DNA sequence: AATTAGTAGTAGTAATACTATCATAACCGA
DNA sequence: TCGGTTATGATAGTATTACTACTACTAATT
């Protein structure tokens, strides 16, 4: 199955999916950002890698930040689609939540092939530096361009699943963004800053994310579950 | 009361607290990073702002990333100290957790004056782009230099408070880093990407963080609270 | 008064992040 | 087959950034 997202048109000058060079820019861009990190990646390296020129690359993306936004948007759209596929025909809200968590953790989609996007590498990039897409000074301007619509839609979709489990819950969107961010952080921490997490990084892909799933599931389900009488009777404290 | 942290000596070439110029670098650095954002901030702007030269600034910090690391470390140390002060002499573990949450949300410390650090601006910078301190390709090298020891110590301190509430809880460190990151994210989202959160940004400082506190409290306390029988009997599902 | 250690300032370089212009090859309908 | 458009490539140039090397000064020490 071939899929084609409509990534926000404001992110590119010329649709990279429409040409061979454009697809090369995407696939080599992913590889090089993974290899060098976003700060050390530039269009010179990219154009050399694909045997082209800087000016040709600039015809597709205004600068590397826009290319990065494009890729992160692609990831958000792709994750959103995978959640839809994973939760379709499932009725039990708890199972639905488990499927969502599993989808956010993993980076595979059965029967789908996008030859110019390596989803596993892209997921690693997003876990490492995806938050740079919006953690900067120009966020308000880029928000007006719609650069974060895909992220918002993804959060909306997840928060709706949460509300199916508990329609009374007051913070579904915060919990949705929390799920995504905490998931990515713990994947990253487990590999690079293990003292900031309890979930272990394992190369054995069968048990790789077992702890992470358990941790996220308890975080989400417990938050959504109404407190029992035992818990709400803790003493109330005046703060400050 | 004057305080003086020992920020990791590997972050600077010459201790900025030891001279007037160094203190100017810190205070103007905070102001300019807030104003321009980290990407658009540089040592030329900084040196002009304080009426000095680039080369003088370079004598204190190897580059702007190291200055940034210094400032974020300062924030972590400062938050750690505030947590200690806020939880001292408090026995009820739940109240302790509430104090921790409140401390992480806010950026004030009574009776303490560090004239060259504007803590409110620094907190805003950390909420906006603090995670850039470790979300990059050189994280492993910088981790060896001890750049993130203060963050790890902060997480350790918070996770110990969590364990007082529930010594059985399996993911205290993950929950601690989650608290910090989710707090900062929601402060930032409420102002810039409100669709990613349910907590509202308010200029009225009395109610400013009421929702955020409530959200974080429910997230933490519910995670730490052992599930009642009702909840653990949900059907178990085989995932993929 | 001479020596020296430490710090500020000047100048310069290499790399980055673009922009502009022109050439050329493919492709496309008339 | 012609003329026009599109896609890419080649070359050059600029402004800014991120430094580095060197010089000049100051202040304490002998």
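Protein chains in written order, with our numbering: chain A, 53 to 292; chain B, 53 to 292. C-beta: ideal position from N, C-alpha, C; glycine also. Predicted model only: the values in this text are computed from it and were never measured.
Integer-rounded CB distance, given that residue j should sit under 8 Å from residue i
{"i": "residue 132 of chain A", "j": "residue 66 of chain A", "result": "About 25 Å separates the two Cβ atoms, so there is no contact after all."}
{"i": "residue 202 of chain B", "j": "residue 114 of chain B", "result": "Not a contact, Cβ separation roughly 19 Å."}
{"i": "residue 63 of chain B", "j": "residue 157 of chain B", "result": "Incorrect: roughly 26 Å between the Cβ atoms, too far for contact."}
{"i": "residue 247 of chain A", "j": "residue 204 of chain B", "result": "4 Å"}
{"i": "residue 249 of chain B", "j": "residue 229 of chain A", "result": "7 Å"}
{"i": "residue 92 of chain B", "j": "residue 189 of chain A", "result": "7 Å"}
{"i": "residue 164 of chain A", "j": "residue 82 of chain A", "result": "Not a contact, Cβ separation roughly 16 Å."}
{"i": "residue 240 of chain A", "j": "residue 180 of chain A", "result": "6 Å"}
{"i": "residue 274 of chain A", "j": "residue 274 of chain B", "result": "4 Å"}
Close-in-space but distant-in-sequence residues of the same chain around residue i (CB under 8 Å, 5 per side omitted)
{"i": "residue 272 of chain A", "result": "149, 153, 214, 227 and 231"}
{"i": "residue 111 of chain B", "result": "65 and 66"}
{"i": "residue 281 of chain B", "result": "Because residue 281 of chain B sits at a pLDDT of 45, beneath the cut-off of 50, its placement in the model cannot be relied upon, and the point is left open."}
{"i": "residue 140 of chain B", "result": "none"}
{"i": "residue 101 of chain B", "result": "80, 83 and 84"}
{"i": "residue 290 of chain B", "result": "In this prediction, residue 290 of chain B has a pLDDT of 48, which is less than 50 and means its spatial position is unreliable; nothing more can be read from the coordinates."}
{"i": "residue 269 of chain A", "result": "149, 150 and 153"}
{"i": "residue 170 of chain A", "result": "79, 82 and 83"}
{"i": "residue 61 of chain A", "result": "67"}
Terminal residues of the alpha helix (DSSP H) in which residue i lies
{"i": "residue 88 of chain A", "result": "72-88"}
{"i": "residue 159 of chain A", "result": "Careful: residue 159 of chain A lies outside any alpha helix (DSSP H) and carries neither H nor E."}
{"i": "residue 211 of chain B", "result": "201-217"}
{"i": "residue 233 of chain A", "result": "224-244"}
{"i": "residue 97 of chain B", "result": "95-101"}
{"i": "residue 180 of chain A", "result": "171-181"}
{"i": "residue 193 of chain B", "result": "191-196"}
{"i": "residue 125 of chain B", "result": "116-139"}
{"i": "residue 106 of chain A", "result": "106-110"}
{"i": "residue 265 of chain B", "result": "262-276"}
Other residues of its chain near residue i: CB distance less than 6 Å, five sequence neighbours each side excluded
{"i": "residue 134 of chain A", "result": "155 and 161"}
{"i": "residue 292 of chain A", "result": "For residue 292 of chain A, the pLDDT reaches just 48, beneath the cut-off of 50, and the residue's location in the model is therefore unreliable, although a value from the coordinates is still provided. Result list for residue 292 of chain A: empty, nothing under 6 Å."}
{"i": "residue 260 of chain A", "result": "254"}
{"i": "residue 96 of chain A", "result": "106"}
{"i": "residue 168 of chain A", "result": "75, 78 and 79"}
{"i": "residue 142 of chain B", "result": "148"}
{"i": "residue 199 of chain A", "result": "121"}
{"i": "residue 118 of chain A", "result": "63"}
{"i": "residue 103 of chain B", "result": "none"}
{"i": "residue 219 of chain B", "result": "none"}
{"i": "residue 236 of chain B", "result": "179"}
{"i": "residue 127 of chain A", "result": "174 and 178"}
{"i": "residue 99 of chain B", "result": "105, 106 and 109"}
{"i": "residue 159 of chain A", "result": "171, 172 and 175"}
{"i": "residue 191 of chain B", "result": "none"}
Own chain partners of residue i with C-beta closer than 7 Å, once the 5 adjacent residues on each side are dropped
{"i": "residue 86 of chain A", "result": "173, 176 and 177"}
{"i": "residue 284 of chain A", "result": "Because residue 284 of chain A sits at a pLDDT of 44, beneath the cut-off of 50, its placement in the model cannot be relied upon, and the following sentence gives the value as read from the coordinates. Result list for residue 284 of chain A: empty, nothing under 7 Å."}
{"i": "residue 124 of chain B", "result": "178, 182 and 185"}
{"i": "residue 243 of chain B", "result": "253"}
{"i": "residue 217 of chain A", "result": "145, 146, 149 and 276"}
{"i": "residue 286 of chain A", "result": "Residue confidence is low: residue 286 of chain A scores 45 on pLDDT, short of 50, so the model does not pin down where it sits. Its coordinate-derived value is still stated next. Closer than 7 Å at Cβ, skipping near neighbours: no residue."}
{"i": "residue 207 of chain A", "result": "225, 228 and 229"}
{"i": "residue 11 of chain A", "result": "Coverage of chain A is limited to positions 53 through 292, which leaves residue 11 of chain A absent and any answer about it impossible."}
{"i": "residue 73 of chain B", "result": "104 and 108"}
{"i": "residue 94 of chain B", "result": "116"}
{"i": "residue 90 of chain B", "result": "120, 181 and 184"}
{"i": "residue 68 of chain B", "result": "74, 75, 77, 78 and 112"}
{"i": "residue 221 of chain A", "result": "214, 215 and 276"}
Cβ-based contacts, 8 Å cut-off: residues of the segment 163-196 of chain B near chain A
Residues of the segment 163-196 of chain B that bring their beta carbon within less than 8 Å of a beta carbon in chain A comprise 180, 181, 183, 184, 186, 187, 188, 189, 190, 191, 192 and 195, in sequence order.
Would you list, in chain order, the members of the segment 230-242 of chain B that have their beta-carbon closer than 8 Å to a beta-carbon of chain A?
Per Cβ criterion, the list reads 230, 233, 234, 237, 238, 240 and 241.
Compile a chain-ordered list of the residues in the segment 122-152 of chain A whose CB is closer than 8 Å to at least one CB of chain B.
Residues 144, 146, 147, 150 and 151.
Could you name the residues of the segment 244-256 of chain B whose beta carbon sits closer than 7 Å to any beta carbon of chain A, in the order they occur along the chain?
Shown in chain order are the members of the segment 244-256 of chain B whose Cβ falls below 7 Å from a Cβ of chain A: 244, 245, 247, 248, 249, 250 and 251.
What residues in the segment 200-225 of chain B have a beta carbon less than 8 Å from any beta carbon of chain A?
Those residues of the segment 200-225 of chain B that come within reach of chain A (Cβ to Cβ, closer than 8 Å) are 200, 203, 204, 207, 208, 222, 223, 224 and 225.
Closer than 8 Å, Cβ to Cβ, to anything on chain A: give me those residues from the segment 67-82 of chain B, in chain order.
For the segment 67-82 of chain B, which is checked against every Cβ of chain A, not one residue is closer than 8 Å.
When you check each C-beta in the segment 82-99 of chain A against every C-beta of chain B, which residues fall closer than 7 Å?
Cβ contacts with chain B come from 88, 89, 91 and 92.
Quick one, which residues of the segment 258-272 of chain B are near chain A if we go by CB-CB under 7 Å, in chain order?
Listed by position along the chain: 267, 270 and 271.
Using Cβ-Cβ distances below 9 Å, what residues of the segment 103-122 of chain B are close to chain A?
Answer in chain order: 117.
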